[in-house]
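In the numbering used here, each residue's number is its place in the sequence shown (first place is 1) plus 13.
Backbone N, C-alpha and C define an ideal beta-carbon position, used for all residues, glycine too.
Remember, it's a predicted structure, so these values are computed and weren't measured experimentally.
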Amino acid sequence: MMKSLIVGICCLAMLSPAVSVAAGKTKVILFAGQSNCRGKGDFSKLTKDELKLLEKAGKQVTFALFENGEKTIAPLHPFKASANDTKKYGPEWFFGPELFMGMEFSQQWPDEKFLFIKHAVGGSSLHGAWNIDWSADIVKGTPDEKRPRLYYTWSSYVQEVLATLDPDSYEIVGMIWVQGESDNPGLKSGPKEAYSFNYKDNLVKLIRKAREDVQAPDMPFFCLQIGSLPMKEATQEAGNAFVLRHDGKKGEGKYIYPMYPQSHYNYEGMKKIGSNFAELYIEERGSLIE
Numbered sequence: 014m015m016k017s018l019i020v021g022i023c024c025l026a027m028l029s030p031a032v033s034v035a036a037g038k039t040k041v042i043l044f045a046g047q048s049n050c051r052g053k054g055d056f057s058k059l060t061k062d063e064l065k066l067l068e069k070a071g072k073q074v075t076f077a078l079f080e081n082g083e084k085t086i087a088p089l090h091p092f093k094a095s096a097n098d099t100k101k102y103g104p105e106w107f108f109g110p111e112l113f114m115g116m117e118f119s120q121q122w123p124d125e126k127f128l129f130i131k132h133a134v135g136g137s138s139l140h141g142a143w144n145i146d147w148s149a150d151i152v153k154g155t156p157d158e159k160r161p162r163l164y165y166t167w168s169s170y171v172q173e174v175l176a177t178l179d180p181d182s183y184e185i186v187g188m189i190w191v192q193g194e195s196d197n198p199g200l201k202s203g204p205k206e207a208y209s210f211n212y213k214d215n216l217v218k219l220i221r222k223a224r225e226d227v228q229a230p231d232m233p234f235f236c237l238q239i240g241s242l243p244m245k246e247a248t249q250e251a252g253n254a255f256v257l258r259h260d261g262k263k264g265e266g267k268y269i270y271p272m273y274p275q276s277h278y279n280y281e282g283m284k285k286i287g288s289n290f291a292e293l294y295i296e297e298r299g300s301l302i303e
């Protein structure tokens, strides 16, 4: 069943120009960040029941993805891992937080239509590549020096997808931000200390700029807590923004997100992140959809 589902969704992805968002008021959720927003959840571990839920969710959730230079629009689906990632982590197909978030939304709102739009780049920092005030001086000598101005790449992609829709056919109801590992200093000294010191102001600027660019001044914003970064302070200042709790990667608990030995959230970790984002959204801003 899993193989046939993968083949089916991949065929739909390749036919993306012919895929259109269903008529009516489609609810749009935006996704951005670094590698854990891209996601490395092992798609092969989904259970038969979860695959059935995904098949149902795919009839409600359209997923626009800009990944490794390729743009696809198709029913909610995983994405093909690179050869290097398959060699390092094992899975041939990955999923990010959108998969289980979409599955939960489908169960919560079985009569609604959704559009998820995502662009995320591994290893990218808010201090550098995602900085609204990006400059060559800021990224000089950092890994972000070789990356584009990611916020503007992301914003352009969002506008590109939205431009294919009737402006009266959709409403933007939220943004998911999973990023921060490249700005979190941990216990080490070095340039990341400056990254984390500026993180609050940079995140507030990004939230406000995103709301301005999509013309949704009250767009709810949700982010995953990463390390000791001041996510809570930033969301409080930005307003209408919420932080998903993160209690670590080892042990048991609702907010424990397991990882592969090498790094990055595995099937269980990414599943819980997506499901918990959905629950947080439903609790805080579910009235926007109901």
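Where residue i falls: helix, strand or coil (DSSP)
| i | result |
| --- | --- |
| Leu-242 | coil |
| Val-41 | strand |
| Asp-55 | strand |
| Ile-286 | helix |
| Leu-139 | coil |
| Gly-46 | strand |
| Ala-176 | coil |
| Lys-153 | coil |
| Tyr-278 | strand |
| Gln-228 | coil |
| Ser-195 | coil |
DSSP bridge partner residues for residue i (one or two, in chain order)
| i | result |
| --- | --- |
| Thr-75 | Pro-88 and Leu-128 |
| Ser-83 | Per the sequence presented here, residue 83 reads as Glu, with Ser not at that position. The partner list for Glu-83 (beta bridge, DSSP) reads Glu-80. |
| Gly-187 | Ile-42 |
| Phe-235 | Ile-189 and Phe-255 |
| Trp-106 | Lys-93 |
| Ala-133 | Gly-46 |
| Met-272 | Tyr-278 |
Cut-off 8 Å between Cβ atoms - residues of its own chain near residue i, not counting five sequence neighbours on either side
| i | result |
| --- | --- |
| Ala-94 | Lys-53, Tyr-102, Pro-104, Glu-105, Trp-106 and Phe-107 |
| Leu-293 | Phe-235, Phe-255 and Leu-257 |
| Ile-145 | Tyr-164, Asn-215, Lys-218, Leu-219 and Lys-222 |
| Lys-153 | none |
| Glu-250 | Lys-213 and Val-217 |
Cβ pair residue i, residue j closer than 8 Å
| i | j | result |
| --- | --- | --- |
| Gln-275 | Gly-46 | no |
| Thr-39 | Tyr-170 | no |
| Leu-67 | Leu-89 | yes |
| Phe-92 | Gly-287 | no |
| Ile-185 | Met-232 | yes |
| Thr-75 | Leu-128 | yes |
| Ala-291 | Phe-118 | yes |
| Asn-49 | Tyr-273 | no |
| Ala-308 | Arg-224 | It is not possible to answer for residue 308, since the shown part of the chain is limited to 14 through 303. |
Same chain only: Cβ atoms within 6 Å of residue i, ignoring 5 sequence neighbours per side
| i | result |
| --- | --- |
| Phe-234 | Met-188, Ile-220 and Ala-254 |
| Ala-247 | Lys-213, Leu-216 and Val-217 |
| Gly-299 | none |
| Val-41 | Leu-128, Tyr-183 and Ile-185 |
| Gly-115 | Ala-70, Val-74 and Leu-89 |
| Glu-303 | none |
| Trp-122 | Ile-302 |
| Thr-155 | Gly-141 |
| Glu-297 | Phe-255 |
| Gly-240 | Asn-197 |
Same chain, Cβ closer than 7 Å to residue i, neighbours up to 5 away in sequence not counted
| i | result |
| --- | --- |
| Leu-242 | Gly-193, Asp-196, Asn-197, Ser-209 and Tyr-212 |
| Ser-137 | Gln-47, Trp-143, Asp-157, Arg-160, Leu-163 and Ser-195 |
| Gly-261 | Ile-269 |
| Ala-176 | none |
| Leu-237 | Val-191, Leu-257, His-259 and Ile-286 |
| Leu-301 | Val-186 |
Exposure of residue i, with buried meaning 16 or more beta-carbon neighbours within 10 Å
| i | result |
| --- | --- |
| Asp-55 | buried |
| Pro-180 | exposed |
| Lys-284 | buried |
| Lys-131 | buried |
| Glu-265 | exposed |
| Gln-120 | exposed |
| Asn-289 | buried |
| Glu-111 | buried |
| Ser-57 | exposed |
| Ser-168 | buried |
| Lys-335 | Absent from the model: residue 335. The displayed extent of the chain is 14 to 303, so no value can be given. |
| Gly-109 | buried |
| Gly-82 | exposed |
| Gly-304 | Residue 304 lies beyond the range of the chain shown here (14 to 303); nothing can be said about it. |
Contact with chain C by residue i, beta-carbon distance below 8 Å
| i | result |
| --- | --- |
| Leu-67 | Absent here is chain C; the protein component of the structure consists of one chain. |
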